[in-house]
Amino acid sequence: MMTNSFAPPLGGETLAVYGPESQQGTTLMRSLIWRGYQPLRVTRKQEVKNLFDHAIISALIVLDTVSIECAQQLCLSLRTTNRRTPIVVMLSPDNCGAGIGLLDSGADHYVIQPAQIDELLHKLHALTRRTRRTGFSFFPTTYAK
């Protein structure tokens, strides 16, 4: 039997991809679909919060076109209600120094563009599998403001 090393884990199929309407993120979306994920394109913060509140998604990817300040605020607000769903933020090379601040705000991982899609998928697989298997939250109880 042949296995697909990029197949999403059970329960790890649905991902939200957050970014402005002007950017479609088509390469990332196509890559996720091709590998068996079901990405949801989200363009408003309230949509992301609704998905998080109802635990509809297995992980969130924040695109590099979202400002650092917006990404940090989003992570902080999401972590007040859901400390378990993984958040991965994509950063442009110009903003690579902001990665630690994003982790302090509640993101689980950041990827600097241009990202290798396989590396991103392996990280998503590990994050979704780890949080689902243990039920343990890896996040501190308070975050930087």
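According to the numbering used here, the sequence shown holds residues 247 to 391 in order. Beta carbons are placed, not taken as given, at the ideal position from N, Cα and C, and that holds for glycine.
query                                                                                                                             : result
Where residue 260 sits in the DSSP three-state scheme                                                                             : strand
For residue 264 and residue 309, believed in contact at Cβ under 8 Å, the rounded distance                                        : 7 Å
Beta-bridge partners of residue 279, as assigned by DSSP                                                                          : None, per the DSSP bridge assignment.
Three-pair Cβ contact test at 8 Å for the region 315-330 versus the region 286-300                                                : yes
Length of the line joining the Cα atoms of residue 262 and residue 351                                                            : 19 Å
Reduced DSSP category for residue 358 - H, G, I as helix; E, B as strand; rest coil                                               : strand
Chain-order list of residues whose beta-carbon lies under 8 Å from that of residue 365 (same chain, five-residue window excluded) : 357
Residue from 361, 348, 367, 360 whose Cα sits closest to the Cα of residue 315                                                    : 348
C-beta contact flag for residue 373 and residue 305 at 8 Å                                                                        : yes
Where the beta strand (DSSP E) containing residue 325 begins and where it ends                                                    : From DSSP, residue 325 is part of no beta strand (DSSP E) but of the alpha helix (DSSP H) over 314-325.
Chain-order list of residues whose beta-carbon lies under 6 Å from that of residue 286 (same chain, five-residue window excluded) : 262
Limits of the unbroken beta strand (DSSP E) element including residue 333                                                         : 333-337
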